[in-house]
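Residue numbers (this note's numbering): 1 to 620.
Some notes on the structure that comes next.
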């Protein structure tokens, strides 16, 4: 057995450089959207792996995301076991299905596969692959800020004449909220091809002048066989051919020349912030830009705003000027919204711990351990901190000594939401299609409710539930608003509006009499919460927010309804009739939270791409 063969069969996964001196042409396989956990997925991937192994001239394999259906540890381990049967080097990146519903807070992918990025050289070409979310939240795709920094580092060490093939799960367009950061970074370089999956079909594409291709899913779908793509790189062209696992290689469906550099378009469209300059109703007081994503909300205590980032930090900044006061480093990414209770900041991390920190200094006072990553948010009541975690438990600890007060051990699947505490009960949903009401004193189950859905993706898990007039309001991805009796869990009404489809975002008026919900059609619907039946007060009019999926709470401030979006925009509507007032852009990414200040016209806003702003509202 020669050394070249041994090198080719050696499995390499991660950020390391796989370098091989090889003359053109060469061939590699692009496998994408395997969705392990869905029907036929394991058999489809096994067939593909067996087929690739029969072809000695395939140099390596790239797996471009949506490796799993739900991002569970079990699904990821199954995918890893299957891919380990490849007798070729393979390189893998996560897609939105691997990160949006990740029970580990996106940590397991890196732990199991070694990395969420890859960079290697072969045949004189450089291959660069980046992860993409959204992480833990429904919304547009987003490449984590850490990945963008990694890309810049890899490009700085690359000769501008080196031909580059770039891979992401998403197309490099508005499907990603930060597509332009990647394309702007690549512009000085000799980019030959941009590859993606996500759309489950073969499509020739072009992004701002660079040749690109979307590749088919590995799933068989309605066909007898699944498949993948074989990509041939020669001295003058790159050719893509669909390969069926029946053994048939179809004729090329796209051919790109490699003899020319990209014809980048001049002045491509970029997020427009000019609307802020024309808005007399909003004034920026200060802003912070983190080096990592911000995946949760924030809280204010006196003159401090407490927030987190996916670099694992819990941070406090001065509310007057945004300057950092203290920071505390955990050992996992954080998607939890902190809370403050009796001078202690409580926050959960994906390192499976809940941290209690002195609010003035950030000094560690308590560290409470669970059995799995936590991506939910704590609440405090009755001298207890309560956390519904990722290990099937909802626990309460005493805030004075950190001792366990009670443990409810029957939560189905993991919890993402911030629970509602009201009238001695703790309300929350999980990714197990169930919604729970526990006694806050002892953790006993008062009632639980299920819609009857079996598909976990329809669970009432992302919504922050609200209470009004003895009723619990929630919305979920099944497009229903559900209203439950607070005491019994009995359904009072449940409705799906096919014209104004709700999803996961609701809020309540300052007086508690109106419930607001975002619709997928980009409107706000206001419902009368004083009556035990569905009565629509108004549906917003004027400017539309556009297609909207972000699970982020709507708030009201002094008669103005403020709606966060997954496009980094805040929309304002009149609370009395829903008429449009203004919009303001803080980012191009999903807004995590709008937090009104207590005693003035100011609000705090954070976005997934690491931005945190304080804004002053000048009411019309």
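Beta carbons are placed, not taken as given, at the ideal position from N, Cα and C, and that holds for glycine.
The structure displayed is predicted, hence computed values, not measured ones.
Practice task
Look at the alpha carbon of residue 6 and the alpha carbon of residue 90, and state the distance between them as a whole number of angstroms.
Solution key: Indexing the chain shown from 1 puts residue 6 at position 6. Indexing the chain shown from 1 puts residue 90 at position 90. Legend: pLDDT at residue 6 = 36, less than 50; position of this residue unreliable, value from coordinates given subsequently. Cα-Cα distance, rounded: 14 Å.
Problem - Close beta carbons around residue 92, own chain, < 6 Å, minus the five adjacent residues each side - result: One-based indexing of the chain shown puts residue 92 at position 92. Excluding residues within five positions, the ones whose Cβ falls inside 6 Å are 63 and 113.
Exercise for the section: Could you check if residue 536 is buried or exposed, using at least 16 other CB atoms within 10 Å of its CB as the buried criterion? Expected result: The residue given as residue 536 occupies position 536 in the chain shown. Residue 536 is exposed by the Cβ-count criterion.
Exercise for the section: Confirm, please, whether the CB-CB distance from residue 333 to residue 105 is below 8 Å. Expected result: Counting from one through the chain shown, the residue named residue 105 turns up at place 105. Counting from one through the chain shown, the residue named residue 333 turns up at place 333. Their beta carbons are under 8 Å apart, which means residue 105 touches residue 333 by this criterion.
Handout entry: Contact set for residue 482: own chain, Cβ-Cβ below 6 Å, skip 5 residues either direction
Key = Counting from one through the chain shown, the residue named residue 482 turns up at place 482. So the list reads 474 and 494, once near-sequence residues are dropped.
Exercise for the section: Go ahead and label residue 341 buried or exposed: buried means 16 or more other beta carbons lie within 10 angstroms of its beta carbon, across all protein chains shown. Expected result: Residue 341 sits at position 341 when you count from the first residue of the chain shown. By the 10 Å Cβ count, residue 341 comes out buried.
Exercise for the section: Pick out whichever of 268, 234 and 32 has its Cα sitting closest to the Cα of residue 257. Expected result: For this step, residue 257 is matched to residue 257 along the chain shown. With distances taken between Cα atoms, residue 257 lies closest to 234.
Exercise for the section: For residue 500, count neighbouring Cβ atoms within 10 angstroms of its own Cβ and tell me buried if that reaches 16, exposed if not. Expected result: Working through the chain shown from its first residue, we reach residue 500 at position 500. With 16 or more Cβ atoms within 10 Å of its Cβ, residue 500 is classed as buried.
Exercise for the section: Kindly give me the distance between the Cβ atoms of residue 29 and residue 228, rounded to whole angstroms, as I take these residues to be in contact under 8 Å. Expected result: Along the chain shown, read from residue 1 onward, the residue named residue 29 stands at position 29. Along the chain shown, read from residue 1 onward, the residue named residue 228 stands at position 228. So it is a contact: roughly 6 Å between Cβ atoms.
Practice task
Name, in chain order, the residues that DSSP records as bridge partners for residue 35.
Solution key: Here residue 35 refers to the residue found at position 35 when the chain shown is read from its first residue. DSSP, once it has assigned bridges, lists no residue as partnering residue 35.
Practice task
Report buried or exposed for residue 134, applying the criterion of at least 16 other Cβ atoms within 10 angstroms of its Cβ.
Solution key: As a first step, residue 134 is located in the chain shown; it is residue number 134 there, counting from the start. Classification of residue 134: buried, given that the 10 Å Cβ count is 16 or more.
Exercise for the section: Please list, in chain order, all residues of the same chain as residue 515 whose beta carbon is under 7 Å from its beta carbon, the five residues on each side excluded. Expected result: Working through the chain shown from its first residue, we reach residue 515 at position 515. Only 466, 468, 473, 506, 508, 527 and 529 meet the Cβ criterion.
Practice task
Can you check DSSP and say which residues form a bridge with residue 572?
Solution key: By one-based count along the chain shown, residue 572 stands at place 572. Answer is 562 and 582, bridged to residue 572.
Practice task
Check whether the Cβ atoms of residue 459 and residue 433 lie closer than 8 Å to each other.
Solution key: Translated into positions along the chain shown, residue 459 becomes position 459. Translated into positions along the chain shown, residue 433 becomes position 433. Yes, the Cβ-Cβ distance between residue 459 and residue 433 is below 8 Å.
Exercise for the section: Answer yes or no: do residue 194 and residue 166 have a C-beta to C-beta separation smaller than 8 Å? Expected result: On the chain shown, residue 194 is found 194 positions in, with the first residue counted as 1. On the chain shown, residue 166 is found 166 positions in, with the first residue counted as 1. Yes, the pair counts as a contact, with Cβ atoms nearer than the cut-off.
Exercise for the section: Compare the C-alpha of residue 277 against each of 602, 407, 586 and 595 and name the closest. Expected result: Position 277 of the chain shown, counting from 1, holds the residue named residue 277. The candidate whose alpha carbon is nearest that of residue 277 is 586.
Problem - Whole beta strand (DSSP E) elements within the segment 35–66, 3-residue minimum - result: 58–64
Handout entry: For residue 606, three-class secondary structure by DSSP
Key = Within the chain shown, residue 606 is the residue found at index 606, counting from 1. Reduced to three states, the DSSP call for residue 606 is strand.
Problem - Straight-line Cα distance separating residue 597 from residue 610 - result: Here residue 610 corresponds to residue number 610 of the chain shown, with the count starting at 1. Here residue 597 corresponds to residue number 597 of the chain shown, with the count starting at 1. Cα to Cα, the separation comes out at about 20 Å.
Handout entry: Contact set for residue 15: own chain, Cβ-Cβ below 7 Å, skip 5 residues either direction
Key = Position 15 of the chain shown, counted from the first residue, corresponds to residue 15. Residue placement at residue 15 is flagged as unreliable, the pLDDT there being 37, under the threshold of 50; a coordinate-derived value is accordingly withheld.
Practice task
Tell me whether residue 66 is buried or exposed, calling it buried when 16 or more other Cβ atoms sit within 10 Å of its Cβ.
Solution key: Along the chain shown, one-based indexing puts residue 66 at 66. Counting Cβ neighbours within 10 Å, residue 66 comes out buried, since at least 16 surround it.
Exercise for the section: Report the rounded CA-to-CA distance for residue 426 versus residue 168, giving the unit in angstroms. Expected result: The residue you call residue 426 lines up with position 426 of the chain shown. The residue you call residue 168 lines up with position 168 of the chain shown. If you take the alpha carbons of residue 426 and residue 168, they lie about 40 Å apart.
Practice task
Report yes if the C-beta distance between residue 518 and residue 572 is below 8 Å; otherwise report no.
Solution key: Sequence index remark: in the chain shown, residue 518 carries index 518 (1-based). Sequence index remark: in the chain shown, residue 572 carries index 572 (1-based). Against a cut-off of 8 Å, the Cβ pair of residue 572 and residue 518 comes out as no contact.
Problem - Own chain, CB closer than 8 Å to residue 142, minus 5 neighbours either side, in chain order - result: The residue you call residue 142 lines up with position 142 of the chain shown. Counting only Cβ-Cβ distances below 8 Å, and skipping sequence neighbours, we find 132, 133, 134, 135, 176, 177, 178, 293, 589, 590, 608 and 609.
Practice task
Compare the Cα-Cα distances from residue 347 to each of 299, 325 and 360 and report the closest residue.
Solution key: As a position in the chain shown, residue 347 is number 347, starting the count at 1. Looking at the Cα atoms, 299 is the closest of the given residues.
Problem - 8 Å Cβ cutoff met for residue 231 and residue 249 - result: Within the chain shown, the letter at position 231 stands for residue 231. Within the chain shown, the letter at position 249 stands for residue 249. Going by C-beta atoms, residue 231 is not nearer than 8 Å to residue 249.
Exercise for the section: Round the Cβ separation of residue 218 and residue 34 to the nearest angstrom and send it over; I've been treating them as touching at under 8 Å. Expected result: Walking along the chain shown from the start, residue 218 turns up at place 218. Walking along the chain shown from the start, residue 34 turns up at place 34. Confirmed, Cβ separation roughly 5 Å.
Problem - Close beta carbons around residue 252, own chain, < 7 Å, minus the five adjacent residues each side - result: The residue given as residue 252 occupies position 252 in the chain shown. Cβ within range, chain order: 239, 240 and 241.
Problem - As assigned by DSSP and simplified to three states, the class of residue 97 - result: Numbered from its first residue, the chain shown carries residue 97 at position 97. Helix at residue 97.
Handout entry: residue 116 (DSSP reduced to helix, strand or coil)
Key = As a first step, residue 116 must be located in the chain shown, where it is residue number 116. Reduced to three states, the DSSP call for residue 116 is coil.
Practice task
For the segment 257–326, list the beta strand (DSSP E) runs that are entirely contained and at least 3 residues long, ordered along the chain.
Solution key: 282–289, 299–301, 304–308 and 313–318
Handout entry: Coarse secondary structure for residue 434, derived from DSSP in three states
Key = By 1-based counting over the chain shown, the position of residue 434 is 434. In the structure shown, residue 434 sits in a strand (DSSP, three-state: E or B).
Problem - Among 389, 384, 357 and 26, the one whose alpha carbon lies nearest that of residue 372 - result: Within the chain shown, residue 372 is the residue found at index 372, counting from 1. With distances taken between Cα atoms, residue 372 lies closest to 389.
Practice task
Give me the Cα-Cα distance between residue 309 and residue 318, rounded to the nearest whole angstrom.
Solution key: Position 309 of the chain shown, counting from 1, holds the residue named residue 309. Position 318 of the chain shown, counting from 1, holds the residue named residue 318. Those two C-alpha atoms are separated by around 17 Å.
Practice task
Check whether the Cβ of residue 52 lies closer than 7 Å to any heavy atom of the ligand ZN, and answer yes or no.
Solution key: Ligands are entirely absent from the displayed structure, and the ligand ZN is therefore not among its contents.
Handout entry: Residues of its chain near residue 181, where Cβ-Cβ distance is below 6 Å and the 5 sequence neighbours each way are ignored
Key = For this step, residue 181 is matched to residue 181 along the chain shown. Answer for residue 181: 148, listed in chain order.
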